[in-house]
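For the sequence shown, our numbering assigns the number 515 to the initial residue and increments by one for each residue that follows. Ideal Cβ positions, reconstructed from N, Cα and C, are used throughout, including at glycine. Structure record follows, encoded as C-alpha cells.
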Amino acid sequence: MFATVCAGLAANGRAWRRARNLRAGGRRVLPAVRGTRWQAGPRVWLALLALGFVAGGAVLIAVHARSLGAAAAGRMSTGGGPVRTLPAFQAALPGVSFSVPREPGVSLGAQPGGALLVVSGMRARRPVVIDLCSQALAGSGGRLAPLRIGYRFHDVARWAAGNAAAASPVTLRNVVLAGASMPQVDITGSLGSSLQLAWHGDARWIGDASAGSIARGVQGRALLGREGWLVWGDKGALRVDRRPGAACAQGGELVLTSYEALPGTAPGAIVAAFPEHGRALASRLAPGDYRVPFDAAPALEDGALFDSLLARGLVRLSPSGMIETAPRDLVQWRAADKGQRTADLHAWDGVVLDDAGRRLLERLHARADGAYVREQIRVFNGERRLLAWRVRPGAAGAWQAQAGASAASSSEAMPLGLARLFASLPQGWAPWQRLADWPASAGHATAVRLSLSLPRPARGDERIELMLAGRVRAIAGAALAGGRAACAGRACAEPDDVRELVLAPHPGARQVVIEALPLDLAAMSGGGDAPYRHLQVKQGRLAWQAIAQPGRSATVVPVPVLLADRSGAPLWQAGSATAGAREAGLATLLGLHAGQANSVAGVLARLPAPDGRPHEARLTLDLPLQRLGQAVLDCVGMRRGQWDGARCSGGLTPPAARQAGLVLIDTGSGDILAAAGSSAAPLADGNWSELRDFDRVDPARSPLRQAAFQHDGGAERSPGSTFKIVSALGLELAAQRDPRLDALLGGMPLADINALAAARGFPFRTDGATYPYQGAGARITNFRDGTLDRRAQDGKLGLAQALTYSLNTWFAWSAELSDGSLFGKAQGGAPSLRALDDTALGGVRPILDMAHRLGFERTLPLDGGLLPADFDWRSWDALQASVAGFDPIGSRHELRQMAIGLRMQATPLHMALAAGAVGEGRAIAPRLLLALDGRRAGAQQGAPLGVRLDRIRAGLHGVVAGGTAASAFRGAAFDRLRPGLYGKTGTAPVGSEGQATVWFTGWLEPGSIPGETRRLAFAAFVSRSEATGGEHAAPVVAALLRALAQKGEQKGN
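Encoded structure:
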C-alpha cells in the first residue's frame, strides 16, 4: 500500500513535468516564470483512498516526508530564511555554502577546490571596449603596447611632457582613466597569445587562468585567459573579458567593466565560481543563503532513457544533422522472412537488440518517458530546417507542402530564427506557414514542393504574390512576373534566402508548383532557444541537458493597471489602450499587447498590488497635445506634407525605413507633455507573435521602441549639429579658465582669429571651407563648403554666430582648444583617452563634462521617483530612456566629429533636455509618471549649469530669426512666437546616397502662446531624409507651435 502511494505521487509528478514540457516543445519556452495550476491525477485519488485505510501510518509518512523535504530544501539560514540549493555550481565548487547580502559590496574568498566571487548590489558602468589590433605596435609582429588602466590624467600629462626628450616615449594609446581608488593596471602581451596583467595597489585577482587560486598583494602579476576580476577594498571591482572581435581576428578585443555601489541599484549579485579544474561558472542570484550540493543530481528518467538509447544506437545523429530513431517494428522486421519485409531497415543492422535493447525500444515507442523523448526529438528536428511561406491577406487558396513522396503538415508556429532574416518587420502579409515535420533523413539538398491548386483554369492575367523563406529551384505552371530579394537580416547567407515572388499562371494552368530548398535553421537561430531545449549538439555529439523548471506553486499574475493622462483622460483600461490613446499614437508606449512586458502598463503590472486593487497611474502626457504632436509628425515629418491645424494635405510616401520622433516637455517640472513616434511600418497587435519574435532577436530595432526617448545605437540617431548646444556649454565651461578661449567665444576680428590659430600651429582659417584647411587626411567641412568670413557680424565672429549659422569648422577647432587631452598643441596629445567612470575625464574634456550634467551616458528614469528604489528594471522598459552615448574617440578627427554631433547616439528627449536647460539655466529631470496609487511625483530640481549662457541664447535665437531655421518660421503666423523662440538645427549624414537624419530642438519662452505660462522645450528628428534640419525637421516643430498658437488665440477670444 505504501509503495502504491509513493509510486502514484512520483508518477503524477513526472506526468505534470512532462505535460508542461511537451506543451513547451510545441512553442518556445520564454525565460519568464509562468503560473502553473497543479491538478491531481487519477493515481493520486487512488492513493488518497488507500491512505483512508491506513490513517495512522499516513501520519507517520507525512512527518517523515516533511523531514525529507526539509533536508532536500536545505536548512534554515541564520537570518531565518531558507538555505537555497544551487545545483548549477556543483560541477565547479561542490559543497560550498555562501550568502548574498542585500547591502552593496564585493567579497572574494578561497573555497575548497577553488574560489568564489560575490559582487552584490553593484551596478555595472558602461563597458570600455578595446580593439587589441589598435594596440599593436607597428612592425613588432603583433606585440602590444602596454594597455594602461586605472591611471589618472596627471599621469598622462607627466608622460606627455617627458615624451619630447625621452629615448623611449610612453605610448599614450587607449589609456583608460579611472577614479582615485582604483589600482593601476598594465596589460601586455601579443595578439596571438595569452596576455599578462600586472597591478600596482592593494588588490586581489581571480580569473579562469588562475586554477582557482587568488593572487593578492600591493603589486602582483597574473595570466589573463578569457575572463577575470580585479577586486580592491570591499566595494571596488573591475571585470576583464577577452572575446573575439570582427575588427581584430588575430587578437580580439578586451571588454573592461567597472562595478560601483550606486543609489537605486536593485538587490542581487553576480556570483562567479572559479574551480581549480574546469571552466568558471557565473550566475545572477537574489539575496539569501545558498548551498551547492556535494554530488551531482541523478539524471531524470527522460534524460537517462535518452542516454541509454544513444549509447545503444537506437537514436543517432544523421549526416543531415537530424536525429533518427530506430523504427518501432525493428524487432519484428528482423524476425520476418526476407520475402515478408515491406521496408528496408538495413541501416539499423548495427544495433544490438538483446533483451535490454528490446526493452529500450519498447520504452521509446510505447511508454510515457519514450513519448516525451520522441517529442523532444521532433522539436529538435523541426528546428534544423526552415521552409516557410506567406501570402497577401485575403489571397484565395492554400499552398500545400510535400517533402519526399508524401504530403507534409504545416504550422503557423514559427521558430525564433525566422525573425533574424529581416532588418525590419515585413508589412502587408498574412501569417507565415512552415513545413512542420521534416523526415529525419532530409538534408539541405532535399527539395520541397509547394503547390497551389487553382479553382479554375488560369486566364493568364492573374497574379499570385508569395513571400518564401527558402531557395527557389524551379517554378511550374507559372512564370516569374516580378519580385525581389528580401533577406536583409543578420542571419542571411544570401539576399535570396527570402524572396518576394510575383507569379503569373500560364493560361489554362490548374496548378502552380514551386520547388525550393530549405534554409539551415540551426545556423541562423543564434542559439536563442538553446537554454530551453533538452537536446543539444555539442562538439558534434548529441547531448541531453536538464532544463531549469519553475516551481509548481510559483505564480506571477500581472496586476491590473489603469492609466490616465495628466487631466484624467483614460489611456489604458481593461488590459488595452483606449481608442483615444491609440489614435494619439500611444499603443506601443502603453502596451500594444498584454504580452508587452516593457510597456508602461507592463512595467507597472510588475509591482505588487496595493490591497489587491489595480494600480491607478497618471502620466504627464497631455492627450490633446499628444494627439496633435502625433498628427503633425505623421504629416510633416514622415510625408513632408502640410498641416493646417486640423488636417494634412500633400506629402509623399515615406521611405520604407524612415522613422521620426518628437517630444515636448515642460522645462520647469520636467513633465513630458507629448512623446510621439512614427515609422513607415504601421503596427497592430494582429501580428503580435511575429512582432514579439523580432523584438526578441533585435530589440534595438524593434518597432516597439519609443522613438521619442529610445534609440537603436546606430548612426541614424546621431543628433548632428543640435549637439552644438552641448558643445557650446562645454566651451563656456573651458573658457572660465582660459581667457583666450573666452575672447574667442565673445567674438574676435577675423584677422585676429587667423593669427591666433597660426601662432599656435593650428591649420585653421576663417576663409577656409574645411578644417584642416590644407594638407591630406580627414577633414571637417562646412555646409555646402561655405566659409566663415561671410558670417561675421561687424567684422567679428564668435560663439553666437557659430551657432546661428552652424559653422562646423569653428566648432571643430574650438573643441580642440578646449580639450585638455591635447595639451594645447596642434599635434600629438592623447585624444584616445578612455574612462571607466563619469569622473575620470572630469576637467579634461569639458564638452563631455557638460554632456554628463545634462544626462548623457547614464540611464534616465522617467518614473518621477514613484517606483521603489530597488525596482527590477529591465532592458527597454518604457519608464526609462535609452542611454545617450558616445562612440570611442581614437583621434583628433574623431574629437572634432564629436563636437559637431557625430559619433554618438541621442533621442529627442535628450536634445530637448539640453536645449531646455539653456532656457532654464539648470539641468532638467524628466518624468513620464505623474502619480501612482494616490502618490504624486515630487519635483526634482536640477543643478545649475554654472556657465555663461547669454552668448548661447543669442546664437540660438539667431537660428530662427535669420539662421538655419529661419525659413520655417517666416510669416505673420510666427510674429508673436518668434521673439520668444530659440532653436538649433541638425543634419547628420548617413551613408553615401545623400540621406541624413535631420533634427530641430529648442524652447519657447512662457507667454509666447496666449495663456501658456510654461517654458516648453521640444525636439524632433526624421531619418532617411534628403533635406536638412532646417528644411525638414524645423517645419515639424513650426507646424506644432503654429497649431498651439492658433488654439491659444481661440481661447483668448
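- Fully enclosed alpha helix (DSSP H) runs of no fewer than 4 residues occupy 1093 to 1097 of the region 1045 to 1100, in order along the chain.
- The three-state reading of DSSP puts R872 in helix, counting H, G and I together.
- Taking the Cα of L874 as reference, the smallest distance to any Cα among R1219, F1400, P1009 and R826 is reached at R826.
- Each residue's CA atom was taken as its position, placing A1559 and T1102 some 29 Å apart.
- Under a 10 Å Cβ-count criterion, S1346 is classified as buried, with 16 or more other Cβ atoms of the shown protein chains found around its own Cβ.
- Spatial neighbours of A638 in its own chain (CB-CB distance under 7 Å, excluding positions within 5 residues in sequence) are listed in chain order as T771 and Y773.
- DSSP, read as helix, strand or coil, puts K1561 in helix.
- A direct Cα-to-Cα measurement between L994 and L1017 gives close to 5 Å.
- Going by beta carbons, R977 and V1027 fall outside the 7 Å limit.
- Residue nearest to L799 within the set R1251, G1082, A1249 and P601 is P601 (criterion: CA-CA distance).
- Counting every other CB atom within 10 Å of its CB across the protein chains shown gives A1170 a total below 16, marking it as exposed.
- Contact check for P1072 against A1123 fails: the beta carbons are separated by 7 Å or more.
- Burial check for H1424: the Cβ neighbour count within 10 Å reaches 16 or more, so the residue is buried.
- Approximately 4 Å separates the beta-carbon atoms of W1324 and A1316; this is inside 8 Å, confirming the contact.
- Ranking Q1059, Q1053, L1104 and F820 by CA distance to the CA of R1047 puts Q1059 first.
- Sorting P1286, D1180, E1246 and T1318 by C-alpha distance to the C-alpha of L1518 places D1180 at the top.
- Of the other Cβ atoms in all chains shown, fewer than 16 fall within 10 Å of the Cβ of D975; this residue is therefore exposed.
- Sorting S1090, A1273, G1472 and G1500 by C-alpha distance to the C-alpha of A1420 places G1500 at the top.
- Between the beta-carbon of S708 and that of G739 there is about 7 Å, and that keeps the pair under the 8 Å contact cut.
- A direct Cα-Cα distance of roughly 24 Å separates G1151 from P1213.
- In this structure, the straight-line span from the alpha carbon of A1314 to that of T1373 is close to 31 Å.
- Secondary structure of V690 (DSSP, three-state): strand.
- In summary, K852 is exposed, with fewer than 16 beta-carbon neighbours lying within 10 Å of its beta-carbon over all protein chains present.
- N1268 places its beta carbon 7 Å or farther from that of A1283.
- Contact between the region 1439 to 1454 and the region 1128 to 1142 is established, with three or more Cβ pairs separated by less than 8 Å.
- For P807 against T960, the beta-carbon gap comes to about 45 Å, at or over 8 Å, which does not count as contact.
- At a cut-off of 3 residues, the continuous stretches assigned as beta strand (DSSP E) that sit fully inside the region 783 to 839 are 783 to 789, 795 to 799, 802 to 805, 829 to 831 and 837 to 839.
- Linking R1492 to A1340 through their CA atoms gives a straight-line distance of about 41 Å.
- Excluding five sequence positions before and after F1278, the CB atoms of its chain that fall closer than 6 Å to its own CB belong to A1271, Y1285 and W1327, given in chain order.
- When the five nearest sequence neighbours on each side are left out, no beta carbon in the same chain lies closer than 6 Å to the beta carbon of P1402.
- In its chain, beyond the 5 residues on either side, I728 have a beta carbon closer than 7 Å to the beta carbon of A624.
- Look at S1183 here: in three-state DSSP terms it is coil, with no helix or strand label.
- G1343 is a Cβ neighbour of L1336, given a cutoff of 7 Å.
- Under the three-state reduction of DSSP output, A775 falls in the coil class, being neither helix nor strand.
- Taking C-beta atoms as the reference points, A775 and A786 fail to come closer than 7 Å.
- Using a C-beta cut-off of 8 Å, the region 922 to 930 makes no contact with the region 859 to 878, since fewer than three inter-stretch Cβ pairs fall below that distance.
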